[in-house]
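Heads up, the thing below is written out as structure tokens.
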Amino acid sequence: MPSRVIHFLKTSNADYVSGEDISRRLNMSRAAVWKHIKQLRAQGYGIEAVPCLGYKLDHVPDKLLPQEVKFQLKTRDFGVHIFHYESIDSTMNQAFKLGLQGAEEGTLVVAESQTQGRGRQGRSWVSPSGEGVYMSLVLRPSLPVVDMPKITLMAAVSISQMVEALTGHVPHIKWPNDILVEGSKISGILTEMHAEMDRVHFLILGIGLNVNSGPATLIDSATSLQMMTGQQHSRVLVLQRLLVQLEKNYHELLHKGFASLRNEWCQRSSVLKQKVRLKDGDRLIEGVAVDLAEDGGLLIQQRDGQVVKKMSGDVLL
Ligand code: BTN
21 MPSRVIHFLK
31 TSNADYVSGE
41 DISRRLNMSR
51 AAVWKHIKQL
61 RAQGYGIEAV
71 PCLGYKLDHV
81 PDKLLPQEVK
91 FQLKTRDFGV
101 HIFHYESIDS
111 TMNQAFKLGL
121 QGAEEGTLVV
131 AESQTQGRGR
141 QGRSWVSPSG
151 EGVYMSLVLR
161 PSLPVVDMPK
171 ITLMAAVSIS
181 QMVEALTGHV
191 PHIKWPNDIL
201 VEGSKISGIL
211 TEMHAEMDRV
221 HFLILGIGLN
231 VNSGPATLID
241 SATSLQMMTG
251 QQHSRVLVLQ
261 RLLVQLEKNY
271 HELLHKGFAS
281 LRNEWCQRSS
291 VLKQKVRLKD
301 GDRLIEGVAV
311 DLAEDGGLLI
321 QQRDGQVVKK
331 MSGDVLL
């Protein structure tokens with residue numbers, strides 16, 4: 021497999037590795053090595069071949085290729101199985117299909133671009149090639165259906181923590197699932213579920229994160245990691261860090277409960293203690309967002325003192 025060859029080239033201490041060495045160590049014919057080298061070059065890897073010396077890896081493509089994402093990835097389940105697409109309608113659709121086919125927990129679908137990337141409330145998610153991380157993760161949580169909003173909130177906390185660790189900027193979470201940096205959206209989360217009344221078959225956690233996008237492709241005053249920091253970021257490293265953070269928090273949610281994640285969410289929230297207007301379909305609710313309920317709902321105290329709990333909608337600050 022080409023991924024074994026690339027792993028070998030990456031982990032070899034020598035500058036050049038001979039075809040014979042690769043063939044012997046990976047137990048494949050010289051012809052197979054050469055075939056894999058050609059495939060890797062077609063994927064965008066720069067592999068120099070010097071007679072008598074052998075092969076040298078010059079550069080890796082800036083793509084979310086499975087072998088790149090898996091390389092030294094420190095997760096247990098997330099990203100063990102990766103499906104990568106150059107272009108796809110939406111990673112959500114593909115992940116859902118895989119979920120129906122029995123894909124394992126942590127199966128990841130990533131794409132360089134999406135032609136019909138979608139967001140919450142029927143909105144679209146602009147997904148230009150190579151500028152962001154567009155991913156959908158298949159999850160099979162052993163939680164009741166009513167607990168599913170906690171997964172979205174857990175993901176919002178994870179993205180926020182990862183962006184902070186990477187950039188030093190502290191993002192805020194706009195309920196339920198927008199990640200903002202200084203008021204500009206950098207990431208959004210979409211969760212879709214296959215469930216019966218009392219049982220979740222699987223859940224698809226979709227995340228769009230603007231990484232190297234510039235003003236030309238960012239809409240509605242959105243921002244990106246590049247805009248925040250003034251430098252390009254490796255989307256592979258960003259995705260790896262995100263997977264690690266997501267898996268850590270997901271396990272915490274499953275095994276220790278929501279309390280500490282809820283706490284973290286509240287500290288990172290841009291809506292709590294603020295006057296908000298919440299639009300849910302045709303309904304508009306105005307008041308102060310007083311708390312996050314145990315089940316992930318937003319508690320809004322209206323002018324008459326009544327507190328209502330909302331599980332869906334769009335918050336306008
Ligand atoms: C939102 O902010 O409304 C949620 C946006 C979610 C976008 C991601 S990109 C990867 C995955 N595929 C999609 O079509 N949508 C999600």
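When the letters of the sequence shown are read in order and numbered with our numbering, they come out as residues 21 to 337. A virtual CB, placed ideally from N, CA and C, is assigned to each residue, including glycine. Given the structure is predicted, the values throughout are model-derived calculations rather than measurements.
Legend entry - Residue(s) in a DSSP beta bridge with Ile-67: Within the sequence shown, numbered from 1, the residue matching residue 67 stands at position 47. According to DSSP, Ile-67 bridges with Leu-77.
Legend entry - Distance, Pro-81 Cα to Ile-67 Cα: By 1-based counting over the sequence shown, the position of residue 67 is 47. By 1-based counting over the sequence shown, the position of residue 81 is 61. Cα to Cα, the separation comes out at about 11 Å.
Inset, instruction - Would you kindly work out how many angstroms separate the C-alpha atoms of Val-291 and Ala-176, rounded to a whole number? - result: Residue numbering aside, residue 291 sits at position 271 when the sequence shown is read from its first letter. Residue numbering aside, residue 176 sits at position 156 when the sequence shown is read from its first letter. About 14 Å.
Legend entry - Nearest neighbour of Glu-124, chosen from Val-328, Val-165, Phe-98, His-253 [CA to CA]: Here residue 124 is taken as the residue at index 104 of the sequence shown, counted from 1. Here the closest residue by C-alpha is Phe-98.
Inset, instruction - Pull up the DSSP beta-bridge partners for Ala-131, would you. - result: Along the sequence shown, one-based indexing puts residue 131 at 111. DSSP lists Tyr-105, Tyr-154 as partners of Ala-131.
Legend entry - Coarse secondary structure for Lys-30, derived from DSSP in three states: In the sequence shown, residue 30 corresponds to position 10, counting from 1. In the structure shown, Lys-30 adopts helical secondary structure according to DSSP, grouped into three states.
Legend entry - Segment limits, alpha helix (DSSP H) that includes Phe-222: Position 202 of the sequence shown, counting from 1, holds the residue named residue 222. Segment 219–230 is the beta strand (DSSP E) holding Phe-222; no alpha helix (DSSP H) there.
Legend entry - CB contact flag (Met-155, Ile-227, <8 Å): On the sequence shown, position 135 is the one that residue 155 refers to. On the sequence shown, position 207 is the one that residue 227 refers to. Yes, the pair counts as a contact, with Cβ atoms nearer than the cut-off.
Legend entry - Inter-residue spacing [alpha-carbon to alpha-carbon] between Arg-323 and Ser-147: Walking along the sequence shown from the start, residue 323 turns up at place 303. Walking along the sequence shown from the start, residue 147 turns up at place 127. So the alpha carbons of these two residues sit roughly 40 Å apart.
Legend entry - Beta-carbon contacts of Val-201 that lie in its chain and below 6 Å, excluding the five residues immediately before and after: Translated into the one-based positions of the sequence shown, residue 201 becomes position 181. Taken in chain order, the residues that qualify are His-189, Pro-191, Thr-243, Met-248.
Legend entry - Residue environment, Asp-240, which counts as buried when at least 16 other CB atoms sit within 10 Å: Against the sequence shown, residue 240 aligns to sequence position 220. When all chains shown are included, Asp-240 counts as exposed.
Inset, instruction - Taking only runs that begin and end inside the stretch 243–286, name each unbroken alpha helix (DSSP H) of 4 or more residues, in chain order. - result: Annotation note: the stretch 243–286 contains the following uninterrupted alpha helix (DSSP H) runs of length 4 or greater, listed N- to C-terminal: 245–249, 255–276.
Inset, instruction - Look up Thr-237 in the DSSP assignment and say whether it is helix, strand or coil. - result: Reading the sequence shown from its first residue, position 217 is the one you call residue 237. Coil at Thr-237, not helix or strand.
Inset, instruction - Give every residue of the same chain whose Cβ lies closer than 7 Å to the Cβ of Pro-161, excluding the five residues on either side of it in the sequence, and list them in chain order. - result: For the purposes of this step, residue 161 is taken as the residue at position 141 of the sequence shown. Here the set comprises Ile-171, Val-220, Leu-223, Leu-274.
Inset, instruction - Using the DSSP secondary-structure output, state which residues sit across from Gly-307 in a beta bridge. - result: Along the sequence shown, read from residue 1 onward, the residue named residue 307 stands at position 287. Residue pairing for Gly-307: DSSP places it in a beta bridge opposite Val-296.
Inset, instruction - Please determine, among Val-264, Asp-315, Trp-285, Gly-277, the residue with the shortest C-alpha to C-alpha distance to Lys-2. - result: The shown model of the chain, from 21 to 337, leaves out residue 2, and the question about it has no answer.
Inset, instruction - Give the secondary structure of Gln-321 by DSSP, where H, G and I count as helix, E and B as strand, and everything else as coil. - result: Translated into positions along the sequence shown, residue 321 becomes position 301. Reduced to three states, the DSSP call for Gln-321 is strand.
Inset, instruction - Ignoring anything shorter than 3 residues or poking outside the stretch 180–224, list the beta strand (DSSP E) runs there in chain order. - result: Counting only runs of 3 or more, we get 192–194, 198–201, 204–216.
Inset, instruction - Tell me whether the beta-carbon of Lys-83 lies closer than 8 Å to the beta-carbon of Glu-151. - result: On the sequence shown, position 63 is the one that residue 83 refers to. On the sequence shown, position 131 is the one that residue 151 refers to. No, the pair does not count as a contact, with Cβ atoms beyond the cut-off.
Inset, instruction - Check Ser-149 in the structure and name its three-state DSSP category. - result: On the sequence shown, position 129 is the one that residue 149 refers to. Taken through DSSP and simplified to helix, strand or coil, Ser-149 comes out as coil.
Inset, instruction - Keeping to the same chain, check which residues put their C-beta closer than 8 Å to that of Leu-312; ignore five residues upstream and five downstream. - result: If you number the sequence shown from 1, residue 312 lands on position 292. Within its own chain, the residues whose Cβ lies closer than 8 Å to the Cβ of Leu-312, once the five positions on either side in sequence are excluded, are Leu-173, Trp-195, Arg-282, Trp-285, Cys-286, Ser-289, Leu-292, Leu-318, Leu-319, listed in chain order.
Inset, instruction - Would you list the residues sitting across from Arg-50 in a DSSP beta bridge? - result: Reading the sequence shown from its first residue, position 30 is the one you call residue 50. As computed with DSSP, Arg-50 is found in no beta bridge at all.
Inset, instruction - Measure the Cβ-Cβ separation of Gln-246 and Val-231 and say whether it is below 8 Å. - result: Here the question's residue 246 lines up with position 226 in the sequence shown. Here the question's residue 231 lines up with position 211 in the sequence shown. A Cβ-Cβ contact shorter than 8 Å links Gln-246 with Val-231.
Legend entry - Which residues DSSP lists as bridging Arg-340, in chain order: Residue 340 falls outside the range modelled here, since the chain spans only 21 to 337, and no answer is possible.
Legend entry - Leu-229 beta carbon less than 8 Å from that of Ile-305: Numbered from its first residue, the sequence shown carries residue 305 at position 285. Numbered from its first residue, the sequence shown carries residue 229 at position 209. It is not a contact, given that the beta carbons lie outside the stated cut-off.
Inset, instruction - Whole angstroms is fine: what's the gap from Phe-28's alpha carbon to Ile-42's? - result: On the sequence shown, position 8 is the one that residue 28 refers to. On the sequence shown, position 22 is the one that residue 42 refers to. If you draw a straight line from the Cα of Phe-28 to the Cα of Ile-42, it comes to about 7 Å.
Inset, instruction - Please name the residue, chosen from Ser-149, Asp-315, Ala-51, Asn-33, that lies closest to Glu-40 on a Cα-to-Cα basis. - result: The residue given as residue 40 occupies position 20 in the sequence shown. The candidate whose alpha carbon is nearest that of Glu-40 is Ala-51.
Inset, instruction - Return yes when at least one heavy atom of ligand 1 lies under 7 Å from the C-beta of Thr-172, else no. - result: Your numbering for residue 172 matches position 152 in the sequence shown. The beta carbon of Thr-172 sits no closer than 7 Å to any heavy atom of ligand 1.
Inset, instruction - Please name the residue in Gln-321, Trp-145, Val-328 whose C-alpha comes closest to that of Thr-135. - result: The residue labelled residue 135 in the question sits at position 115 within the sequence shown. Minimum Cα distance to Thr-135 is reached at Trp-145.
Inset, instruction - Say yes only if the C-beta of Met-48 is nearer than 7 Å to one or more non-hydrogen atoms of ligand 2, and no if none qualify. - result: No copy of ligand 2 occurs in the structure displayed; its ligands are ligand 1 alone.
Inset, instruction - Return helix, strand or coil for Leu-159, following the three-state DSSP convention. - result: Locating residue 159 in the sequence shown gives position 139, where the first residue counts as 1. Assigned with DSSP and collapsed to three states, Leu-159 falls in strand.
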